Amino acid sequence: MAEVSVARLAISAAPGRVGETRMRSEDALRLAVPDDDRLLVLRRLDLGALPARAPPALWEARVADRVREQRARAVHAAQAGAADADAVWFRSEEEARALLLALLASGRAPTAWFWRLAVPGLQGLSPAGWVASEIGHALLHPEALPPLARALIVAVRAGEAARVLAWLAQALAPPAVSQAVAAPAPLRAPAAMAESARADPVLAHRARQLFARLEPVAVAAIHAVLADARGTEAAREWLARFALIAAAPERAVAPEAIARMAQALQASILAEATAPAAPPEGEKARADRAPDRPDAAAEPDRRLTRPVDRPSIAAEHQVEAGDAAPASLVSESPALAEPEPYLGECLERATKAAGLFLLVRPLWRMNIEPWLAERPDLAMAGFGRALLVHIAERMWVEAEDPLFALLGEVEPIDPEILAAWRIGLDRWLRRNVRCTLADIVNRPGHLTRRDEGIDIRMSPESADIRLRRKALDLDPGWVGWLGLVIRYHYRDRVPA
């Protein structure tokens, strides 16, 4: 069922019918609005004249017709002229926040009518205050970190890394979110731990591998910020954290580990930028021959030295020969440019192992979250995704199956630990659900990668009463140890 939010409801009815009319309209909106994966924002929805005591089906039909008309005329919020349209849409709530951040990063104010409806928290706050409140909220609620991290990286990709760094500095400074930073222990790394993280080359190497998963434009911009010792160190450290979380959102469940890795990344990049350049081969050979000329040491080198080239942060990035458009989501015109999806087009892809994602709730019942909380190193290594990949491989899922691409790269983890969880899960299913692990996993379906997670669509015939009886096929929603929002759909095809 679609979630419906109404900012203002205007009813013209007899005094004794207002309550009944309101109830009818609210019920019709809840039941008749189609289950659309997009975020649809309407300026006005006029239902016309309807008898208060008309059958509910009549109310629902009227709402469905009017919403269908608005959906047909809706334009994407980033298109030119969206501010004049009566209906706009976003791919998701996350995209709405990301586009708003991109708009603010460009120095423009969100004056269009739909922003206060698409992003309710914006109302009553200045743009800088809203960004600070979003960051403060994410610092206290780990599930909000990955969406915010991706949105900040979108702004960085648009060439606004310096502005993002300023936002972080403002958000981390009192009185904005001083309590958010000072109160929870996981948000702070002890000084000794921070020093050990900075001196750990293995941790720095892992951090660089994760960092490299981001788009090259974002990597270059963030690298330039981290290589510059000027500015607030805490803000640069949090920029490194957000970059790592955007690259691997499942790592956000281990805040102390991600903090150590961010410190190692920042120290590694800064050390690389400040290290003296190695002398060229000719210079080294001349130094080796220095004893032959006693006066060589006193002779100044008359060659001009070139300054070390460092990446600079600019409002616009140069477009390479093969690019069709700049990476920026923000155009020079008052309207936003049509953005590229974060993770590619939201296309359905067939899989023979859609049931793999039905294992989320059984794993929850087996207390995987507290188990990982006691083992932050495994959580930081992406144990949850590695376990699903391990199970899929043992179920002989073909290597070309799209689920492997959607789960992404996984770090190597001790196979004995993965096997122990797989065997334990199979035994749990046999004992509690009366089915095997293979029975659950080997179910055909379709997968759709969204900005924030994965939608799994299976036919209605795939619904299993054994799972339903134990409430194991309900939408898990946000799954921290996967870094994904998981949603199940039981229908034959995608609605038009």
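In this text, residue positions in the sequence shown follow the UniProt record's numbering: the first is 1, and each later residue adds one.
Every residue, glycine too, gets a C-beta built ideally from N, C-alpha and C.
Since the structure is predicted, the reported quantities are computational estimates derived from the model, not experimental observations.
Contact under 8 Å by Cβ, LEU418 with HIS390:
yes
On the CB-based measure, 16 or more other CB atoms within 10 Å of its CB, does SER12 come out buried or exposed?
exposed
Which listed residue (GLY107, ALA381, ASN442 and LEU372) has its alpha carbon closest to that of GLU393:
ASN442
Inside the stretch 204-257 only - beta strand (DSSP E) runs reaching at least 3 residues
none
Contacts around GLU250, its chain only, beta-carbon distance under 7 Å, and the 5 residues preceding and following it disregarded
GLY382, GLY384, ARG385, TRP481, LEU482 and GLY483
With DSSP as the reference, identify every bridge partner of ALA87, one or two as the case may be.
LEU42
Do the CB positions of ARG108 and ASP451 come within less than 8 Å of each other?
no
Should MET380 go down as buried or exposed, given a rule of 16 or more other Cβ atoms within 10 Å for buried?
buried
Alpha-carbon to alpha-carbon, ALA83 and GLU93:
18 Å
Should the stretch 468-482 be regarded as contacting the stretch 348-367, the criterion being three or more beta carbon pairs within less than 8 Å?
yes
Among THR21, ALA158 and ALA259, whose alpha-carbon lies nearest the alpha-carbon of ALA220?
ALA158
Give the range of the alpha helix (DSSP H) segment to which ASP377 is assigned.
376-380
Which first and last residues belong to the beta strand (DSSP E) in which LEU447 is found?
445-449
Three-way DSSP call (helix, strand, coil) for LEU475 in this model:
Note that residue 475 corresponds to Asp in the displayed sequence, not to Leu. Three-state DSSP puts ASP475 in coil, outside helix and strand.
Give me, in chain order, the residues of the same chain whose beta-carbon lies closer than 6 Å to that of ARG422; leave out the 5 immediate sequence neighbours on both sides.
ILE391
Using only the alpha-carbon positions, how far apart do VAL119 and ARG97 sit?
7 Å
I think LEU429 touches THR436, with their Cβ atoms under 8 Å apart; what is that distance to the nearest whole Å?
6 Å
Between the CA atoms of ALA235 and LEU165 - distance to the nearest angstrom:
6 Å
Sort LEU39, ALA254 and GLU160 by Cα distance to GLU374 and report the nearest one.
ALA254
Simplified DSSP assignment, three categories, for VAL75:
strand
Short of 6 Å in beta carbon distance, which residues of its chain neighbour ARG163, apart from the five on each side in sequence? Order them along the chain.
ALA105
Let me know the secondary structure DSSP gives ARG66 once reduced to three states.
helix
Distance, PRO142 Cα to ALA252 Cα:
7 Å
May I ask you to report which of helix, strand or coil DSSP gives ASP309?
Confidence in ASP309 is poor, its pLDDT being 38 and thus under 50, which makes the residue's placement unreliable; the coordinate value appears in the next sentence. Three-state DSSP puts ASP309 in coil, outside helix and strand.
Drop a sphere of 10 angstroms on the beta-carbon of TRP167, count the other beta-carbons inside from all chains shown, and report buried for 16 or more, exposed for fewer.
buried
Given 8 Å, three or more beta-carbon pairs between the stretch 262-269 and the stretch 207-226
yes
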